[in-house]
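Reviewing the structure listed below.
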Amino acid sequence: MMKLSRDVAGPCLAPGGSVVAVGAFDGLHRGHQALLSEVRQRAQELGCTPIVVSFEPLPRAYFSKEPVPRLSSVREKLLGFAAAGMEHTLLLRFNQALTAMLPEQFVQQILIDRLKVREVWVGADFRFGHKRAGDVAMLERIGRDQGFIAHTLRAVLLEGERVSASRVRALLAAGNFGAVTPLLGRPFVIEGKVEYGNRLGRTLGFPTANIHLRERVTPLHGIFAVRVGLGEGECSWPGVASLGTRPTVNEVAEPLLEVHLFDFEGDLYGKRMAVQFVAKLRDEMKFDGLDALKEQMRHDARSAREILGMNPALIDANQASS
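Taking UniProt numbering, I'd label the letters of the sequence shown as residues 1 to 322.
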């Protein structure tokens, strides 16, 4: 089981030495996966502990005055590290104290004292320390003096372009999920625990399972055809989802993911659910009352069923019998 630590100071986490990956790792796309794979392989060859150093909040979000979309929650990121074979994650609190550290302090206190690093792997554009003064060249120079080796991984390309989190975010915002899957090496999913809502969907004939995203900002907004995984199961249950702020009823300020599972009966409250986005149906809209909203929901459900290979006419049949 992967271990998790949060603090800069403390006892050495790898007395036998470590091979370390450092980065934000938002979304854990194929470039990140390649980096972690190298770290795991080199740790096996050297008989060391494979460790990943990451940051929360994400550095770009910490410095931004505007909300910054992210691809994965903290939980999703940690699960990804564990699946990649990391034995320990040092998830540093990205705060004023950390940003004030000089590059040399970052290396000494974290990589050397805390991790006893033998190799460190980063992306070619890696920057660290106060005012981003440290770069790969500095890391290599300090490594030569301190007895560790700094490596950069060649960019992972897909169709001639570098795989990056910004590229994934742009494609998601455009609703191009087919192009996102090869970059991530998997379909894009948002997961979370189902919570109670105001039961408006049930009143309108479309009961929903609700995931509150709270502070998490996503690059997605609108209405989508989805497939849902319940518990630890695969994303196979068809449905239609809304991700936004419900402008017609004006009841939520933070984004809310509402999912209607087709032909489902059961209680999902308190359970974990993973939502795989298949296709975007439309943008979020404000309607003139609940009757207009209900009619649009029927249309969205028919469209989603058709996209997902189901009989769209069953929506009308189910509504008539309800």
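Beta carbons are placed, not taken as given, at the ideal position from N, Cα and C, and that holds for glycine.
Check your understanding: Looking at C-beta atoms only, is the number of pairs between the region 11-23 and the region 96-114 that lie closer than 8 angstroms three or more?
Key -> yes
Review point. Under a Cβ-count criterion, where at least 16 other Cβ atoms within 10 Å of its own Cβ denotes burial, should Gln276 be classed as buried or exposed?
Key: buried
Check your understanding: Using 8 angstroms as the threshold, is the region 118-134 in touch with the region 97-106, meaning 3 or more CB pairs across them?
Key -> yes
Review point. Under a three-way DSSP split, which group does Lys3 fall into?
Key: strand
Review point. Hey, how far is the Cα of Leu184 from the Cα of Arg305?
Key: 26 angstroms
Point to revise | Completely contained beta strand (DSSP E) runs for the region 237-321, where each covers 3 or more residues | key: 237-244, 256-261 and 272-282
Exercise for review: Would you decide whether Arg118 is buried or exposed? Buried here means 16 or more other CB atoms lie within 10 Å of its CB.
Suggested key: buried
Review point. Among Arg42, Leu281, Ser164 and Trp237, which residue has its Cα nearest to the Cα of Phe264?
Key: Trp237
Exercise for review: List the endpoints of the continuous beta strand (DSSP E) containing residue 377.
Suggested key: Here the chain covers residues 1 to 322 and nothing more, so residue 377 does not appear.
Review point. In terms of alpha-carbon separation, which member of Pro219, Gln296, Val39 and Asp267 lies closest to Ile149?
Key: Val39
Point to revise | Rounded Cβ spacing between Asp300 and Ile223 (contact assumed at less than 8 angstroms) | key: 5 angstroms
Point to revise | Buried versus exposed call for Arg162 [16 or more other C-beta atoms within 10 Å across all chains shown] | key: exposed
Review point. Counting only runs that start and end within the region 50-110, where is the alpha helix (DSSP H) found for 4 or more residues in a row?
Key: 59-63, 74-83, 96-99 and 103-106
**Study point:** Gly231 - DSSP class collapsed to helix/strand/coil
**Key:** coil
Check your understanding: Can you tell me the Cα-Cα spacing of Val180 and Thr49, whole angstroms?
Key -> 32 angstroms
Practice item. Pick helix, strand or coil for Val168, following the three-state DSSP scheme. Key: helix
Practice item. Please name the residue, chosen from Ser72, Lys193 and Asp125, that lies closest to His29 on a Cα-to-Cα basis. Key: Ser72
Check your understanding: When the Cα atoms are used, what is the spatial distance from Arg272 to Ala209?
Key -> 10 angstroms
Point to revise | Of the listed residues Glu195, Glu284 and Ile307, nearest to Gly270 (C-alpha basis) | key: Glu195
Review point. CA-CA distance, Phe126 and Ile51?
Key: 17 angstroms
Check your understanding: Whole-angstrom Cβ separation of Glu56 and Arg114, contact assumed at under 8 angstroms?
Key -> Glu56 to Arg114, Cβ: 17 angstroms. No contact.
Point to revise | Among Asp26, Leu90 and Ala24, the one whose alpha carbon lies nearest that of Pro11 | key: Leu90
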